[in-house]
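Taken in sequence, the protein lines are chains A and B. Start counting the first sequence at 48; every next residue gets the next number (this note's numbering). Start counting the second sequence at 27; every next residue gets the next number (this note's numbering). A quick write-up on the structure given underneath.
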Amino acid sequence: MLFLLQDGITNGAIYALLGLALVLVFAVTRVILIPQGEFVTYGALSYAMLATGQVPGTVWLAMAMGIAAFGLDLFDARRSLRLKRILRSLAFNVVLPAAILALTYRLAGPKTPIAVNIALSLLIVAAIGLYLYRLAFQPLAHTSVLVLLISSVGCHLALQGLGLVFFGAEGLRGPALSTAALTVGPLRFTGQSLAVYGLTVAFIIALWLFFGFTLMGKALRATAVNRLGARLVGIRTTLSGQIAFLLASLIGAISGILIVPITTLYYDTGFLIGLKGFIAAIIGGLVSYPLTAVAALVVGSVEAFSSFYASNFKEVIVFTLILPVLMLRSLAAPAVEEEKD
Amino acid sequence: MKQRTPLIIFAALMAAIPFIPGLPPFWIVLLNNIGLAALVAMGLVLLTGVGGLTSFGQAAFCGFGAYTTAVLTTAYGVSPWLTLPLSLLVSGIAAVLLGILTVRLSGHYLPLGTIAWGIGLFYLFSKLEFLGRNDGISGIPPLSIGNFRMLDPGAIYFAIWIAVLISALLTMNLLDSRTGRAIRALRRGHIAGEAFGVQTPRAKLLVFIYAAVLAGLSGWLYAHFQRAANPTPFGAQAGIEYLFIAVVGGAGYVWGGVLGAGIVVILKEILQSYLPYVFGGQSQLETIVFGILLVVLLQLAPTGVWPWLMSRLPIKPARKTPDASLPLAAPIREKASSGALLQIEKARKQFGGVIAVNDVSFNVGAREIVALIGPNGAGKSTTFNLITGVLTTTGGSISVLGHKVDNAPPQEVVKLGVSRTFQHVKLVPDMTVLENVAIGAHLRGSSGAISSMFRLDRADEAKLLAEAARQIERVGLGEQIDQLAGSLSLGQQRIVEIARALCVDPLLLLLDEPAAGLRHMEKQRLAALLRQLRDGGMSVLLVEHDMGFVMDLADRVVVLDFGTKIAEGTPNQIKTNPDVIKAYLGATA
Chain A
48 MLFLLQDGIT NGAIYALLGL ALVLVFAVTR VILIPQGEFV TYGALSYAML ATGQVPGTVW
108 LAMAMGIAAF GLDLFDARRS LRLKRILRSL AFNVVLPAAI LALTYRLAGP KTPIAVNIAL
168 SLLIVAAIGL YLYRLAFQPL AHTSVLVLLI SSVGCHLALQ GLGLVFFGAE GLRGPALSTA
228 ALTVGPLRFT GQSLAVYGLT VAFIIALWLF FGFTLMGKAL RATAVNRLGA RLVGIRTTLS
288 GQIAFLLASL IGAISGILIV PITTLYYDTG FLIGLKGFIA AIIGGLVSYP LTAVAALVVG
348 SVEAFSSFYA SNFKEVIVFT LILPVLMLRS LAAPAVEEEK D
Chain B
27 MKQRTPLIIF AALMAAIPFI PGLPPFWIVL LNNIGLAALV AMGLVLLTGV GGLTSFGQAA
87 FCGFGAYTTA VLTTAYGVSP WLTLPLSLLV SGIAAVLLGI LTVRLSGHYL PLGTIAWGIG
147 LFYLFSKLEF LGRNDGISGI PPLSIGNFRM LDPGAIYFAI WIAVLISALL TMNLLDSRTG
207 RAIRALRRGH IAGEAFGVQT PRAKLLVFIY AAVLAGLSGW LYAHFQRAAN PTPFGAQAGI
267 EYLFIAVVGG AGYVWGGVLG AGIVVILKEI LQSYLPYVFG GQSQLETIVF GILLVVLLQL
327 APTGVWPWLM SRLPIKPARK TPDASLPLAA PIREKASSGA LLQIEKARKQ FGGVIAVNDV
387 SFNVGAREIV ALIGPNGAGK STTFNLITGV LTTTGGSISV LGHKVDNAPP QEVVKLGVSR
447 TFQHVKLVPD MTVLENVAIG AHLRGSSGAI SSMFRLDRAD EAKLLAEAAR QIERVGLGEQ
507 IDQLAGSLSL GQQRIVEIAR ALCVDPLLLL LDEPAAGLRH MEKQRLAALL RQLRDGGMSV
567 LLVEHDMGFV MDLADRVVVL DFGTKIAEGT PNQIKTNPDV IKAYLGATA
């Protein structure tokens, strides 16, 4: 019983991290980030490949996306080309990923310390997250949630397909962050699971502080409520979107690196993990961070228990969990009229 | 009959294709797949494009249709034709259950909810013993008529495309009807429709079921075409793809669904067969290209290919002008029990700590024009919303003809003969003026969804449109009757709203800033119209900022300031009232 709960909480903590990232991105950009799961697998599998001394293909993806973003920048600014602007875009979109690329090739090897591998994976995925926003969502920022959602699905399909190209169909595991273990009563806590708990709590607190108490956090929230209004008071809405995607991809990659030592990940595992994060996020109403975190723990525990008692129907149970929640939500707060278009 | 010509040409074309000599049989398979996808996409057009409800879970409804017939025909030997109604019924019932849970959700919850149950059902299909788990069910008998068994793709081709054409026809009939207008108004929010008696949740559930039944039909055909059913084609991926098809084709157009199905199925086929040659044997490459194409396409044409294509065609469909002489029976209403037409007693509305309407009382009698004025934020529109049931009161009572209406839903208030316009125009911009105005007559028609699909509603429909045309003529917009409401100026849109409200044949007309955005001459015409309505026996309560217009027109004026009534009287009394002057011009004026 207890170890089921422990298992559930470890998984739940990961779902909580992803749920938080989803809430964050939705709150700022109105994008329902289906490819969040790909950030997880990209982070995890890049880390696992680096650990074996190989250079993951994701570096090249970051490079290619950067170049495409640069092209898009040039195209958008074609009527007012100024050298300073071009140089800035060049530095941000081409030089930066090129530097990451060079760094990865320089550092990658069988003897690279774990910390360096982690840092490299995070850098790569963060860059992909940034350029993903630039390429797929920034041009659509003014459109409806539906259009953004479908674009998001397109990104998911493309990234998942690319995942197969980069990492192959075989599952990978990565080395643990620490081999320490702690025994309390009947339970054994590995260093890995403690790291999962610690980072989750740290992120929740950090996000709460960031959005509640910093100017940048408030600006991000303002962007979510009213893009035009935010622009009028001088908030750079594009920057808000970039920050949201940067944070989301980082959180995704961290979650991936945290779980890849515990479970084998495949190129397409991310989608399901991400969706469970979604369920938590939906239960949290896509707005509340603490509620999302609690919901994620519930999802994780339900999953652990149902995989023990009714393993065949594990996914069915987890995904139908959402229906009573949605019903409660719709009863508690009937649809509010939205002014659209 | 002119509107049908393209359809007949299309049907003849599709019927001729299999007889082209030398046509590779593979093309027929492809066309079958297009037809199957088009059926699902058509449902999504109605659900998402027209109704504004996004569903990623349509593939699961195909699954219900396919598995129902698979189980019944293989395990119990039931004839495929008998399983057709059962398949549709099972998908329909599933839709009712899921719909009741999810349709009330607004905005992004619905798509997320549908993703979740789409995946949940996929796992259910693949785990249940009697559905054959991951292997599914094979050996499903083909469709047959007498001794003719539809074994090869060329035979079932006709069954599939007849289903597509009939569904398209029924869907278009449905959209062009009383129920259809209610569905088309859904996407713009529920307040406007409800103010004219539309039961929004019921309309939403209806499109949800309709879309699910179409998907179930597609699943049933699929099962007898493939002669097997397994979980893969009914998973989340497929659900996403259907939505993609609808968006690519043009989510607001029935034929957009068919076109989108054609584009996507053929594109996927090309990608699947040629990409491996270009890039070597890597699998899933088509997914990558597919995903990227999706993102690019959305940026280039967010409304889809069909409307883009149509706008390039020189032919415009001819519209029938309604015969304005057809009479529409006056609505049957409850008799007045007592007192004034509208009686407001200490109505109160609090939003948290803010008191928007503070114990306001006033009456509107028969044949009277009453103006409700006051500075911005005085609570005028809130008062309107209380009267019409959009908001519920915190205290006090509101009655129409002696019947208490406070906290009655808007659909009940309009039945008593109270109709309204909105401060922020709430028309459906992509519907014509005529169609928009006809929503006003919603309660005066009775045809339901089924009768309109089969065109049994035409007599009823003609009367509704005749009434709408008369009211449009009455407000002086006869020339704009066939224009899209969104293309009119804001002032004209307000007048359209008045025509729509008049279609209720109201006893009391509530007008929220009707003169805003009108030019001088138009205002005079509006004033004349309102006087004429009053002399015909109607009462008018209006909110307006144009003082000249108000003082000239109103029999009585009620002044609100910060939610409180500060004065009431004839225009002349109000003009000289010191409190009113203070509220408008400040203390020292």
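Ideal placement from N, C-alpha and C gives every residue a C-beta, glycine not left out. Predicted model, so just to flag it, every value in this text is computed and none were measured.
Report the rounded CA-to-CA distance for B:Ala67 versus B:Ala488, giving the unit in angstroms.
30 Å
So who's on the other strand from B:Ser425, going by DSSP bridges?
B:Gln369, B:Lys430
Are the Cβ atoms of B:Ala494 and B:Cys529 separated by less than 8 Å?
yes
What in chain A is Cβ-close to B:Trp143, meaning under 8 Å?
Phe366, Thr367, Ile369, Leu370
By how many angstroms is the C-alpha of B:Ile413 removed from the C-alpha of A:Val3?
One cannot answer for residue 3 of chain A here, as it falls past the ends of chain A, which runs 48 to 388.
Give every residue of the same chain whose Cβ lies closer than 8 Å to the Cβ of B:Leu232, excluding the five residues on either side of it in the sequence, and list them in chain order.
Thr205, Ile209, Ala475
Going by the CB atoms, is the gap between B:Tyr279 and B:Leu62 shorter than 8 Å?
no
Which chain A residues sit within Cβ distance under 8 Å of B:Val321?
Leu182, Ala183, Ser198, Gly201, Cys202, Ala205
Please tell me whether B:Phe410 has its Cβ less than 8 Å away from any Cβ of chain A.
no
Skipping 5 residues on each side, what residues in its chain have a beta carbon closer than 8 Å to that of B:Lys549?
Ala541, Asp572, Phe575
Rounding to the nearest angstrom, what Cα-Cα distance links B:Val651 and B:Asn411 in this structure?
No answer is possible for residue 651 of chain B: it lies beyond the span of chain B, which begins at 27 and ends at 615.
With B:Arg214 as the anchor, note down where its alpha helix (DSSP H) starts and where it stops.
Neither: B:Arg214 is in no alpha helix (DSSP H) and is coded neither H nor E.
Using beta-carbon positions only, say whether B:Ser387 and B:Ile370 come within less than 8 Å of one another.
yes
Where does B:Ser117 fall in DSSP's three states?
helix
Does the beta carbon of B:Tyr248 come closer than 8 Å to any beta carbon on chain A?
no
Are B:Gly286 and B:Ala272 closer than 8 Å when you measure CB to CB?
yes
Candidates B:Ile186, B:Ile217, B:Ala327, B:Gly502: closest to B:Gln252 by CA position:
B:Ile186
May I have the straight-line CA-CA distance separating B:Leu195 from A:Leu49, to the nearest angstrom?
60 Å
In or out: B:Met547 buried (at least 16 other Cβ within 10 Å) or exposed?
exposed
CB-CB under 6 Å to B:Ser164, same chain, minus the five flanking residues each way: which ones, in chain order?
Ala254
What did DSSP end up calling B:Asn173 once you bin it into helix, strand or coil?
coil
Could you confirm whether any beta carbon from chain B is found closer than 8 Å to the beta carbon of A:Ala382?
Confidence is the limiting factor: at A:Ala382 the pLDDT is only 45, short of 50, which leaves the residue's position unreliable, though a coordinate-based value still follows. A:Ala382 counts as touching chain B.
On the three-state DSSP scale, how would you describe B:Thr329?
coil
Can a CB atom of chain A be found closer than 8 Å to the CB of B:Lys372?
no
Work out the CA separation of B:Leu240 and B:Val451 for me, nearest whole Å.
34 Å
Quick one: using the 10 Å Cβ neighbour count with 16 as the cut-off for buried, is B:Lys430 buried or exposed?
exposed
A:Gly201: which of B:Ala121, B:Leu73, B:Gly317 sits nearest, CA to CA?
B:Gly317
Could you have a look at A:Ala357 and say whether DSSP puts it in helix, strand or coil?
coil
Select from B:Gln519, B:Arg582, B:Arg520 the residue whose C-alpha is nearest the C-alpha of B:Gly391.
B:Arg582
For B:Lys375 and B:Leu417, believed in contact at Cβ under 8 Å, the rounded distance
6 Å
Go ahead and pull the three-state DSSP assignment for B:Ile381.
strand
If you follow the alpha helix (DSSP H) that B:Val97 is part of, which residue opens it and which one closes it?
84 to 101
If we call anything under 8 Å between Cβ atoms a contact, is B:Gly275 one with B:Val321?
no
Only counting runs of 4 or more residues, tell me where the alpha helix (DSSP H) segments fall wholly within the segment 198 to 284 of chain B, in order along the chain.
204 to 212, 217 to 221, 226 to 252, 262 to 275
I need the straight-line Cα distance from A:Tyr313 to A:Val106, nearest angstrom please.
18 Å
Classification of B:Ala382 by the beta-carbon crowding that lies within 10 angstroms, buried from 16 upward:
buried
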